């Protein structure tokens, strides 16, 4: 029975239980028992956990009793600890692997930067060497071009001289031909004169 000077507190718990009668929790436990049983009937439990299949909340003797479920609890705890240790080992392995990959990546990055610097230096050196050789080749080409132009000029002059000499030789040949013809005609005249002289000698001897 509730005390005479009892007043209902302004809370939901007492507000819900006030309808069960004058006693503070007279019908609440029975109602909770009904709800518990209905929930038990609609709930499926594991076969290895019989301690969870209690059909009523009044039987509290099984609470704390050592049964087959205790070993399962320890097994579950061991499995949980094993999973936790495996998870920790996996995390440590992943962290270690990430660190190794990071170190390898840093090493590869360092090598790449070093090789890139070497390639850039070699490229710069080769570019300078090629530019120097190109300048030298340009100078040689210009010099050869000038010499070629001079040779062309000399060939033109010599070709002009050759034409002049050819014309002069042709004139000489003509003159020689004329002189030869004159010589032949002179020889013929000389022969005629010699004959005439002989005839004159013969006549003079006859007289």
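Numbering (the working numbering), first residue to last: 3 to 209. The beta-carbon is built from N, C-alpha and C at its ideal position, and this holds for glycine as well. Just so you know, these numbers come straight off a predicted model, no measurement behind them.
- Item | residue 161 in three-state terms, based on DSSP | By one-based count along the chain shown, residue 161 stands at place 159. Reduced to three states, the DSSP call for residue 161 is helix.
- Item | Span separating the alpha-carbon of residue 40 from that of residue 32 | Against the chain shown, residue 40 aligns to sequence position 38. Against the chain shown, residue 32 aligns to sequence position 30. Put simply, the backbone Cα of residue 40 is about 12 Å away from that of residue 32.
- If we ignore side chains and look at the alpha-carbon of each, how far apart do residue 193 and residue 177 end up? Numbered from its first residue, the chain shown carries residue 193 at position 191. Numbered from its first residue, the chain shown carries residue 177 at position 175. If I take the Cα positions, the gap works out to 24 Å.
- Task: Mind listing, in chain order, the continuous beta strand (DSSP E) runs of no fewer than 3 residues lying wholly within the segment 100 to 163?
- Result: Here no run is fully enclosed.
- Task: Rounded to whole angstroms, what's the CA-CA distance from residue 62 to residue 35? Just pull it up for me.
- Result: Counted from its first residue, the chain shown places residue 62 at position 60. Counted from its first residue, the chain shown places residue 35 at position 33. At residue 62 the pLDDT is 46, less than 50, meaning the model places this residue with poor confidence and gives no usable figure here.
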